[in-house]
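Before any comments, here is the structure.
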Amino acid sequence: MFKTLLKINLKSLFSTMFRRKSAKKPGKTGGKAGRVLLALALSVYALGVMMISIGGLFSSLVMQSSGTLTEPRYYFSLLGILMFCLAFIGGVFSTKNLLFRARDNQLLLSMPIPPFQILASRVAVLLVLETIYTLLIALPAGFVWFRAAGFSLPLLLRLLLCTLLLLVFTAAVTGFFGWLLALLDTKFAKSEMIQSFLSLALLVGYMLVCFNMQNYVATLSANQDKISAGIRRALPLFDLYGQAVGGSLTAILGLAAAALLPFALICLLLSRSFLKLSTDKKATRHRTKLRAQSAPRTPRTALLVKEVRQFFSMPLYLLNCGFGCMMEVLMAVLMFFKRETILDMVSGIEFCDSRAAVPLIAIGFCITTINTPAVSLSLERKRIDPLRAMPLDAQSVYAAKLGTNLVIGLPTTIIGSLLTCVAMRLPALQTALITVCLCVTLVLISSIQLTANIMMPKFDALSDAVLIKQSGSVLVSMLLSFAVGLTLVALAFGLMTLLGTTGAFAVMIVLIGAVCAVFRHWFRHGAVRRYEEMSA
Amino acid sequence: MLEIRHLTKSYGDKVAVSDLSLSIAPGDIYGFIGHNGAGKTTTIKACCGILGFDAGEILIGGHSIKEEPMVCKKMLAYIPDEPALYEFLTGRQYLDFVADIYRIPKAKREEKIRGSAQAFEMQGALADTIDGYSHGMKQKLSIMAALLHEPKLMILDEPFVGLDPKAAHTVKQIMAQLCAEGGAIFFSTHVLEVAEKLCNKIAILKDGKLVVSGNTADVIGDASLEDVFLEEESDHV
């Protein structure tokens, strides 16, 4: 039974990444092979980029400034902290949905399956998810260590065992927070606001770490003794992890106890409250006053308002797809405080005006992470049928999806671009051109994301969380957006060298605008046929 | 009002609906009956312009759903078997959303919403978000939204599932009223007693093929609809 449940859960988890197999048309072998190849290529690309950057980080830590190898206890303690942080941040907000809010809850609970087995299968999926996050860090960090220190089989075995134990501990902490959020849902109508606030706090923390990563790495490398002592005092579990991987048997036993005991307690807590939390109704807002809409809206505006309301009503959606908006503003503020440092960083660019490249790189990168169109069509779920029965053309629906991204992204893009240009002391004309260029880039990136969702809609995922975080269209559009962003930066450099800054951005606007026009044509013709085939 | 001519729809090798022809005139309450997987939902979705079809023609008020989908969709209202609503909206916001899509003026929408909220006893719930509604309340809201633009044709997939007896009675009254005003209803159901009492015309579908259709009285004769249905089912095994 457990095996069957686990299989279904895993299938659901991974099937979200791919387009639903259509019963309507028999699949062409060539098409299938192409999709598999594309998925493989994108996975290799995504994993490669992540692992190379994480490997780079650990390469800076593996050797001390004196040229000697870093203390294993210290190196692996840091590895443990990073693995825990990534797995926790990556999993905490989807854990509630995974454990308690799956759409097959009622079906499974009506079957003669002990609730404990349903829960156990979901905890196992949580462990699988966290393993994926953990491996993203463990693999490059392990590789860097073995390359520097030489391969050792006992150390590899200890690393595997201790990482597994740390995973169990992470699952316990994540499970506890998932339980807490589910409990909040049943007690407070405004629990989503609390979750949004928590998401935001995590996001700010994450961004602060990213902005200061270079300083941190330098500090971590230069002050090993002090930080090592600090970890021992404040984060003893991770120190234990470092010692255990280093070879201490007592530490291995201590780590096992420290990981397994909380895990067992959390499992007990979850199993005791599983039935209640997975079947309790969400607390709802009872409003005392029924507010009617002040004036009728056009169908397009009504669709847009509906989309924007959905965006702000789902913390996970807000956090994952609106990430770039906040980054844009923070990035711009950072430009004022770190102007000189940033100018130093781009001083190597000598073939064109490096100041003009700053807003393009900084704000352009943020734009690629504003991605509501990558998932908003899939979020229609079963509602796609009634929507399609309404007198709405495909363009109106697409325009609302695209418009949402512009409504949330344009103000921050404009603010971010203007502030960055002012911080870089660029002339008014260049500031205007760069801002317009970034705005049309947002339109282009949004169009790419919407196209990905039109090509890979998924209306039957078990949870919105899975859909938002790891559906195929989200992954594909994320990678494509990065690739397009890089291409545009390269193109801008080329044009700046040839035409100067003002001319280059004027040409960029025309070029990007032309590509947007091609997408507009596709949304009005080719994509309409896709819409006509959509049905839950 | 609704004319289905030689409708054929396949999914890969499986023929879901084969050469189906039906005619629903203004004033008709047409019941569509069949076993699970008989092709009822496929037919309904094709009539609403949700699903394309391989052959045949569907006309609504004389307009082809393939050629003039917007004209047809303005005339019809579709209610799926499971209420599919935007749960992050309040009931009122959802009704306003649907009213905006159908471009219903403010005064008219206020009047319609007030009337239907009273009929379905939903006045107190419209200020709450839909995620807190029961299945029956969602179904009521679906029906309220469907009635907003005064459709000429209502197409319903299992409309009575989840409704309390009073709401079911209200739906039946509304259906009768719509037909009395010259509209038409086409709905699928498994509740044969309801179909027998409510419909003036009935069609029975089996494995995508029409096995019997016509006036309810002619189809069932002296027997009950249940007897006729079971007989048709066994005859065509």
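Protein chains in written order, with our numbering: chain A, 526 to 1061; chain B, 2 to 238.
Don't be surprised by glycine CBs; every beta carbon is placed ideally from N, CA and C.
- Per DSSP, the unbroken beta strand (DSSP E) holding residue 9(B) starts and ends at 3-12.
- Its Cα nearest to that of residue 1060(A), the residue 902(A) stands out among 705(A), 902(A), 585(A).
- In terms of CA proximity to residue 128(B), 96(B) leads the group 233(B), 150(B), 96(B), 225(B).
- Residue burial annotation: residue 665(A) is buried, with at least 16 other C-beta atoms found within 10 angstroms of its C-beta.
- As the crow flies, the alpha-carbon of residue 783(A) is around 32 Å from that of residue 577(A).
- Contact annotation for residue 111(B) against chain A: 817 [CB-CB distance below 8 Å, chain order].
- The beta carbon of residue 49(B) sits closer than 8 Å to some beta carbon of chain A.
- DSSP places residue 189(B) in the strand class (E or B) of the three-state scheme.
- At a cut-off of 8 Å, the C-beta of residue 827(A) has a neighbouring C-beta in chain B.
- Judged by DSSP in its simplified three-state form, residue 80(B) adopts strand.
- CA-to-CA, the gap between residue 1003(A) and residue 1015(A) works out to about 19 Å.
- A straight line joining the alpha-carbon of residue 158(B) with that of residue 905(A) spans about 19 Å.
- If you compare the alpha carbons of 49(B), 54(B), 37(B) with that of residue 13(B), the shortest gap goes to 54(B).
- Contact note: residue 915(A) reaches chain B through 74, 102, using a C-beta cutoff of 7 Å and chain order.
- Under the 8 Å Cβ criterion, the segment 676-688 of chain A does not count as touching the segment 824-832 of chain A, having fewer than three qualifying pairs.
- In the three-state reduction of the DSSP assignment, residue 197(B) falls in the helix class, which pools H, G and I.
- Secondary structure note for residue 207(B): its beta strand (DSSP E) is the uninterrupted segment 202-207.
- In the DSSP assignment, the residues bridged to residue 31(B) are 187(B), 202(B).
- Rounded to the nearest angstrom, the gap between the Cα atoms of residue 634(A) and residue 44(B) is 33 Å.
- When rounded, the separation of the alpha-carbon atoms in residue 821(A) and residue 558(A) is 49 Å.
- For residue 212(B), the enclosing beta strand (DSSP E) starts and ends at 210-216.
- 78(B) is the residue among 161(B), 78(B), 71(B) whose C-alpha sits nearest the C-alpha of residue 155(B).
- In this structure, DSSP gives residue 156(B) an extended state, which the three-state scheme calls strand.
- The Cβ of residue 908(A) sits closer than 8 Å to at least one Cβ of chain B.
- Under the Cβ criterion (8 Å, minimum of three pairs), the segment 583-600 of chain A counts as touching the segment 759-777 of chain A.
- According to the DSSP assignment, residue 710(A) belongs to the alpha helix (DSSP H) that extends over 678-712.
- Neighbours of residue 820(A) in chain B, taken as residues whose beta carbon is under 7 Å from its own, are 107 in chain order.
- Straight-line spacing of the CA atoms in residue 992(A) and residue 986(A) works out to 6 Å.
- Closest by C-alpha distance to residue 105(B), out of 750(A), 660(A), 639(A), 823(A), is 823(A).
- Here residue 699(A) is buried. Its C-beta has 16 or more other C-beta atoms within 10 Å.
- Contact residues of the segment 141-161 of chain B toward chain A are absent (C-beta to C-beta distance below 7 Å).
- If you draw a straight line from the Cα of residue 848(A) to the Cα of residue 976(A), it is about 20 Å long.
- Three or more Cβ pairs drawn from the segment 188-207 of chain B and the segment 29-48 of chain B lie within less than 8 Å of each other, which places the two stretches in contact.
- Here residue 959(A) carries a helix assignment [DSSP, helix/strand/coil].
- At a cut-off of 8 Å between C-beta atoms, residue 724(A) does not count as an interface residue with respect to chain B.
- Annotation: the continuous beta strand (DSSP E) that includes residue 60(B) extends over 56-61.
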